[in-house]
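Structure record follows, encoded as structure tokens.
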Amino acid sequence: MTFAAYIELARVPHWIKNILVLPGILIALMMGLPLPEGFFPDLAAGFLAVGCAASANYVINEWLDAPYDQYHPLKKDRPSVTGRVSRNGVYLEYALLAAGSVLLASLVNRVFLYNILWLLLMGVVYNVRPLRTKEKPFFDVLTESINNIIRFMLGWSMVTALYLPSSSILISYWMGGAFLMAVKRLAEYRFIGDAETAGLYRRSFRYYTEEKLLVSSLFYAMMSLFFWGVFLVKYKIEFVLSVPFFALLFCWYLTLGLRQDSVAQRPEGLYKEYGLFLYCVFIGVLLFSLTFSESDLLRVFLRTDLIATE
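To convert, note that position 79 of the sequence shown is 79 in this note's numbering; the numbers rise steadily by one, no gaps.
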């Protein structure tokens, strides 16, 4: 048992996923909300709080998954599986990380704090019995991707604690996360290559098939784009220009997920897919540009009058 093993348990490199907080900030600014006083110190404290909360969830996740990770070709070497950490040490690390995240969140505002508590709660719901939704097909994907909603809310609440975002953008973000998680499950299932072993590693795999995972991922992608469309029609019609680019992004990511030993199993390493990474940067720049632009030409999509033929 070494200190390095506990550092590995916290999965700090996975903090890259917290970039999903940024769209909440961007959309809040697009809605005309001003940056609050002391925003940048709050931004620093907020990102540290999110990182600590995510690491707390990773710690409890890895400890409780140890009996099952031994059946995974790669995860069998994790510290909790190989006995490099102790029960008391894991619980202490979880408590310190959770407490640190709550303390940092309290420096931002009360809504941000509530969302950090929600993020920690979802870690319990996902990993700890009797709920442990990660073992229930479809619920595993839907509950884990709720973290997308929470991350969006965390970004939004850094800008304002007085208003809540539109439900349409939250559902779109949720379904986008569900798509990513379904493709991750599909990639894992294909990588293991044996249904019986896959079922020992993850109980939900006893019900899943490649077909079910593929079809569900397409459903989540369509729902995400649908609610994105609802949002943009209500609030920012200029975002309609982003729809085909998001559709291509979903297709590109699904293609990655269908590869053997796909990087979709390890989303924290997606930045190494340089083409996809640059494309995501392009979409980010596009959305940022559209956020602060207006086009009378696109208002045609908002017209409700009939088009006369004579």
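Virtual Cβ for every residue (Gly too), placed ideally from N, Cα, C.
**OP:** Please confirm whether any heavy atom of the ligand ZN lies closer than 7 Å to the CB of PRO137.
**Re:** Absence of the ligand ZN from the depicted structure is noted, as is the absence of any ligand whatsoever, leaving it without description.
**OP:** Apply the 10 Å Cβ neighbour rule to SER289 and answer buried if 16 or more other Cβ atoms are within range, or exposed otherwise.
**Re:** By the Cβ-count criterion, SER289 is exposed, with fewer than 16 other Cβ atoms from all chains shown falling within 10 Å of its own Cβ.
Subject >> Cβ neighbour criterion (16 or more within 10 Å) applied to VAL285 >> reply: Under the 10 Å beta carbon count, VAL285 is surrounded by fewer than 16 other beta carbons and is classified as exposed.
Subject >> Segment contact flag, the stretch 266-278 with the stretch 13-27, C-beta cutoff 8 Å, min 3 pairs >> reply: yes
Original post:
Which residues bound the alpha helix (DSSP H) around TYR253?
Top reply: 243-257
Subject >> Assumed close pair TYR68, ALA10 - CB separation to whole angstroms, cut-off 8 Å >> reply: TYR68 to ALA10, Cβ: 20 Å. No contact.
Original post:
The alpha helix (DSSP H) with TYR279 in it runs from where to where?
Top reply: 274-291
Original post:
For the alpha helix (DSSP H) that contains GLY100, what are its first and last residues?
Top reply: 87-106
Subject >> 4 or more residues per run - each alpha helix (DSSP H) lying fully within the stretch 129-213 >> reply: 139-144, 146-159, 167-192, 195-201
Original post:
Which same chain residues, not among the five before or five after SER350, have their C-beta less than 6 Å away from its C-beta?
Top reply: The chain is shown only over 1 to 310; residue 350 falls outside these bounds and no answer can be derived.
Original post:
From ASN61 to LEU186, what distance separates their C-alpha atoms?
Top reply: Spanning the two alpha carbons is a distance of roughly 20 Å.
Original post:
So what's ILE307 in DSSP terms, helix, strand or just coil?
Top reply: coil
**OP:** Examine the Cβ distances between the stretch 97-113 and the stretch 160-173 and report whether three or more of them are shorter than 8 Å.
**Re:** yes
**OP:** Go ahead and pull the three-state DSSP assignment for PRO34.
**Re:** PRO34 falls in the coil class under three-state DSSP.
**OP:** Select from PHE292, PHE191, LYS184, PHE138 the residue whose C-alpha is nearest the C-alpha of ILE237.
**Re:** PHE292
Subject >> Status (buried if at least 16 other CB within 10 Å, exposed otherwise) for ILE7 >> reply: exposed
Subject >> Opening and closing residue of the alpha helix (DSSP H) in which GLU8 lies >> reply: 3-10
Original post:
So, do the stretch 70-87 and the stretch 196-212 have three or more beta carbon pairs nearer to each other than 8 Å?
Top reply: yes
Original post:
Roughly how many angstroms separate the alpha carbons of MET316 and ILE150, rounded to a whole number?
Top reply: Nothing about residue 316 can be reported from this structure: the residues present for the chain run from 1 to 310 only.
Original post:
So, is GLU210 buried or exposed, given that buried needs 16 or more other C-beta atoms within 10 angstroms?
Top reply: exposed
**OP:** Consult DSSP for LYS234 and reduce its assignment to one of helix, strand or coil.
**Re:** helix
Original post:
In whole angstroms, what separates the C-alpha of LEU120 from that of GLU37?
Top reply: Approximately 27 Å, taken between the alpha carbons.
Original post:
Rounded C-beta distance between SER145 and PHE227? I'm assuming under 8 Å.
Top reply: About 13 Å separates the two Cβ atoms, so there is no contact after all.
**OP:** Classify ILE311 as buried or exposed, calling it buried when 16 or more other Cβ atoms lie within 10 Å of its own Cβ.
**Re:** Here the chain covers residues 1 to 310 and nothing more, so residue 311 does not appear.
**OP:** For the alpha helix (DSSP H) holding GLY269, just list the boundary residues, first then last.
**Re:** Neither: GLY269 is in no alpha helix (DSSP H) and is coded neither H nor E.
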